[in-house]
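The structure appears below as structure tokens.
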Amino acid sequence: MAKREESNLGVGGDLNSIIGKGAMLTGDLEVKSSMRVDGHVKGNLKCGDTIIVGKDGKVEGEIVAKNAVIGGTVQGKIEATDRVVLEATAVFTGDLKAGKLVIDEGAVFDGQCSMKTGGKVQAAQPVVEKKSKQ
């Protein structure tokens, strides 16, 4: 698996908000910069930049952000204006809306996906393999 650099994930600026392992948050939270969740959240999260759910993190609710990197468990809805990455340890159940979607091998995705770019839904293009002459 190729290693991603944080700049490729859209993690810009500061990571100001962290919900640590063992922490439990019930309710909604909105931050202007990036956020990381390693604990348990029951509620909605809105983030102006990138939200990262670590492999031990769990979110039950809606995530709205520019980018979302999911390594843990999310039950609900994810809406990202740019990109969603489901890492190999991710378990996602729900509806997903994103401009771009990356699903690593081993990730679990049970739900529906809608991808829009510039306000228009992009249809998947079939892959046509060229036969080589022998």
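Numbering (the working numbering), first residue to last: 198 to 331.
Glycine included, C-beta positions come from ideal geometry on N, C-alpha and C.
query: Where GLY217 falls, given that 16 or more other Cβ within 10 Å makes a residue buried; result: exposed
query: Close-in-space but distant-in-sequence residues of the same chain around ALA265 (CB under 6 Å, 5 per side omitted); result: ILE248, ILE275, ALA277, VAL281
query: Outcome for THR223 when other beta-carbon atoms lying within 10 angstroms are tallied against a minimum of 16; result: exposed
query: Cα-Cα separation between CYS310 and VAL228, rounded to whole angstroms; result: 25 Å
query: Counted within 10 angstroms of its Cβ, other Cβ atoms place MET221 as buried (16 or more) or exposed; result: exposed
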